[in-house]
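One structure is given here, and the rest of the page talks about it.
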Amino acid sequence: MTTKSILNSLTSKGIISDQQADTIASFEDEQAFSIHWELRSVLYLGILLFSSGAGMLIYENIDTIGHQVIIAVIALITAGCFYYTYKNSLPYSHEQVSNPNKLIDYVLLLGCSTFLGLEGYLQYQYNLFGTRYGLAVIIPTIVFFLCAYRFDHRGALSMAITGLASWLGLTIAPLSVLADNDFSDGKLIIPAIALGAVLTAVGWISEEQNIKKHFAFTYMLMGGNLACIAAQIGLFSHSPKILYFLIGIGLCCFFIYRARHAQSLLFLLMGTVYSYSIITYTIFDNLGADAAFGLSIFYFFFSSIGVIYFLLNFKKFLGIKSGVKK
Amino acid sequence: MKKAYNETWVENLHIQRQAAIWKSKNLLTGQQEEEVKAQFPERFYRPGIFVKIGLFLFGVLACSFFVGFLSLFTFDTRSEAGFSTLSLICCACFVFTLEYLIKTKNLFHSGVDNALLYAAIIAAMVPVFLLFEHAPVWAYCLIALAIVVPATLRYADLLSPVAIFGLIFTIMAELMMKFPLGKALLPFAVMLLSGVIYALARKNKDIYYHECRQILEVLALVTFYLGGNYLVVRELNALISDLNVSVAPQIAFAPLFYFFTFIVPVSYVFFGLKRADRILFIIGLIAFAFSVYTYKHYFGILPVSQGLVLVGSLMIAAAIALIKYLHTPKRGISDEQDRKNSLENLQAVIAAQQLGATPASRGLEFGGGTFGGGGAGEAY
């Protein structure tokens, strides 16, 4: 199937005129092969290689260069990034700000990263914050939150949320939730659930109140995953189980309900998978080993068919009008 | 092979996508795009990627517990013949469910059908492994091909071209490794086979297999390059000759492989640009990077840090120079993010269409027709 055959079928159905078909065909013919994205990728990759090479060179020659010079250079880069971003940014608005200058997104991200690096370097070399680690974490968190709202940047928002969670004694990033945190200590579970719930609520409020509506997704994704995983770990290893069960199921219902409005069906998947594992665990935990073994083959077979049926017909169940994409 | 999914819908899906692209380039009006959607309908169930993932996961879960479920009713699953029978019954059930769901639920690579297809292929392969225990590897591969190729032709699944490609190459390598001469000629055989597969894939113009074709193209281009790459040939040569040395020895025809290592990426990039073939172009760029690494591996003198700085600055300089050079399109290559037709052009065409002679006369015919028909049918 070529451009020509598509144009032919469009003209034969009378959707476009022959003249317009000719225009489209000639437009497609004389269209040059654009290597825009390839060139940009080469450029960014070159910058990455160059800066890592430069970093290694500096590291190898740290004795001759000296720490002050390096700190000064990092500080200069950070200041330059923030200054450039501020200069080129559009004024604040509650809505999504789409800046035609795409470069400032990267510059802001670079500035945020070097700010973190600068702080880490100062702490490592000169022990700037001493043992007040909380202070060291909350400063970049506040800076990132301000940047995220002022310059309308979701990357900075994710970094800020991560910082906030670290400040609460957690490191939250979608993949390292399980790896880095020692949930066996029950003290962390309730704060984790609380933070997750608060973040989800903030996301919901910002959507309802129309303040940076597009941030809701980031808030809910990070907060929701944190709260659900924490609730599950609570359910698996701590009592009172009924409390964690109710919290987990409540969150899952909220996500499935959210899928009606949300821009993404990711929440539908999260709600389904989390609630499936919570319910399955609860059933088998209460049955005892022998009965559970006998039941398992039937249970998993029929329940997974049930979930498939639900996912195939979720639009009908949730009353979503067709035409919701993604 | 009869196709499992509704071919017209696949074509219509393609037309709709093309129309959406033209709409974004101001070549069609929004109204015309709507009309395209109405005239070329497709009713596939294509949920978002996340729902697909969920469907796939639970599909795999359901398939595996279905096997357990069935094994409760069969008396003899310990013996090989018994388990093979069970596996074949499962395969039949999976295929039946797959066909049934595609027909009734209008699935189109929606997760469940992928899971069912993979489960059916695995279930079909299990008896082969159980019943023929000591067959050579290439025999297993041939039987697997006999199952996967028809499945690909029917379902156009995206993973099965990868499987076919791997199976063909395993068969070839297995057969050639048996002879000393075969070992020496293996790189050339790999290149030849890749070339043949690429040519065959390019011949296929059916939109139904569009994605399969692209996957085969990518794989064939990559293996063609790797087959001629000096580093790969030298290291693999040492590996298959069981030489336990820290530095792989020099290979026969070394100058030829130096030549291939250099010329293949360059020609990929050149022909990619000339024929406006993005797959060829991008693989050429990546292959070129690997060639640079090959050179550095044997002849490099710079330490890593200086090498990185040098390569990085060369890349930056080249990219910036090209961006500046292509500020206006040259030789059919441009640096435009997204070329758009100006809206005035479109409006002019539409206006000409509406005001021109042809549409007016057609409008008259239309009016006459409906009027006459309506009168005959209802009022009289």
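Residue numbers (my numbering), protein chains in the order written: chain A, 12 to 337; chain B, 9 to 388.
Even for Gly, the Cβ is constructed at its ideal location relative to N, Cα and C.
Who does residue i pair with in a DSSP beta bridge?
i         : result
LYS31(B)  : DSSP lists no partner for LYS31(B).
SER45(A)  : SER342(B)
TYR233(B) : DSSP lists no partner for TYR233(B).
LEU121(A) : None, per the DSSP bridge assignment.
TYR53(B)  : LEU115(B)
Answer yes or no: do residue i and residue j have a C-beta to C-beta separation smaller than 8 Å?
i         : j         : result
THR125(A) : ILE85(A)  : yes
LEU50(A)  : ASP343(B) : yes
ALA70(B)  : PHE325(A) : no
GLN40(B)  : ILE244(A) : no
SER202(B) : GLY235(B) : yes
TYR206(B) : ALA295(B) : no
ILE223(B) : VAL170(B) : yes
ILE17(A)  : GLN26(B)  : yes
LEU334(B) : ILE341(B) : yes
CYS92(A)  : LEU129(A) : no
ILE204(A) : ILE258(A) : yes
ALA131(B) : PHE102(B) : yes
GLN47(B)  : LYS24(A)  : yes
ALA242(A) : LEU262(A) : yes
Less than 8 Å between CB atoms is the rule here; does residue i satisfy it with respect to chain A?
i         : result
ILE324(B) : yes
GLY90(B)  : no
TRP17(B)  : no
LYS31(B)  : no
PHE81(B)  : no
PRO55(B)  : yes
LYS11(B)  : no
GLU373(B) : Annotation note: pLDDT 39 at GLU373(B) (below 50); position unreliable, no value reported.
VAL300(B) : no
LEU125(B) : no
GLU43(B)  : yes
PRO337(B) : yes
VAL59(B)  : yes
PHE66(B)  : yes
ALA365(B) : At ALA365(B), the pLDDT of 44 sits below 50, so the modelled position is not reliable; the number obtained from the coordinates is stated separately. No, because no Cβ of chain A sits closer than 8 Å to the Cβ of ALA365(B).
GLU344(B) : yes
VAL317(B) : yes
ALA164(B) : no
Within 10 angstroms of the Cβ of residue i, are there 16 or more other Cβ atoms? Answer buried if so, exposed if not.
i         : result
PRO87(B)  : According to the sequence as given, residue 87(B) is Ser; it is not Pro. The residue is exposed, with fewer than 16 neighbouring Cβ atoms inside 10 Å.
LEU186(A) : Only weak support exists for where LEU186(A) lies, its pLDDT of 43 falling under 50; the value from the coordinates is given anyway. Exposed: under 16 other Cβ atoms inside 10 Å.
LYS60(B)  : buried
GLN107(A) : exposed
ASN245(B) : buried
HIS305(B) : exposed
SER249(B) : exposed
LEU21(B)  : buried
ILE271(B) : exposed
ARG210(B) : exposed
ALA356(A) : Look at the range of chain A in this structure, 12 to 337, and you will see that residue 356(A) is not part of it.
ALA365(B) : With a pLDDT of only 44 at ALA365(B), under 50, the local geometry of the prediction cannot be trusted, and no value is derived from it.
PHE155(A) : buried
GLU219(A) : exposed
SER37(A)  : exposed
LYS223(A) : buried
For residue i and chain B, any beta-carbon pair shorter than 8 Å?
i         : result
ALA43(A)  : yes
ALA184(A) : With a pLDDT of only 44 at ALA184(A), under 50, the local geometry of the prediction cannot be trusted, and the value read off the model is given with reservation. So no, ALA184(A) is outside the interface.
VAL108(A) : no
THR283(A) : yes
VAL318(A) : yes
GLU219(A) : no
LYS15(A)  : no
VAL188(A) : Because the pLDDT at VAL188(A) is just 49, under 50, the model does not fix this residue reliably, and the value given afterwards should be weighed accordingly. Closer than 8 Å: no.
LEU114(A) : no
LYS24(A)  : yes
HIS105(A) : no
SER124(A) : no
LEU322(A) : yes
HIS164(A) : no
TYR135(A) : no
Taking a cut of 7 Å between CB atoms, which residues from the stretch 53 to 79 of chain A lie near chain B? VAL53, LEU54, LEU56, GLY57, ILE58, LEU60, PHE61, SER63, GLY64, ALA65, MET67, LEU68, GLU71
Of the residues that make up the stretch 107 to 134 of chain B, which ones have a beta carbon closer than 7 Å to any beta carbon in chain A?
Hits within the stretch, in order: LYS113, VAL120.
Residues of the stretch 279 to 313 of chain A in Cβ contact with chain B at a cutoff of 9 Å, in chain order, please. LEU279, LEU280, MET281, THR283, VAL284, TYR287, SER307, ILE308, PHE309, TYR310, PHE311, PHE312, PHE313
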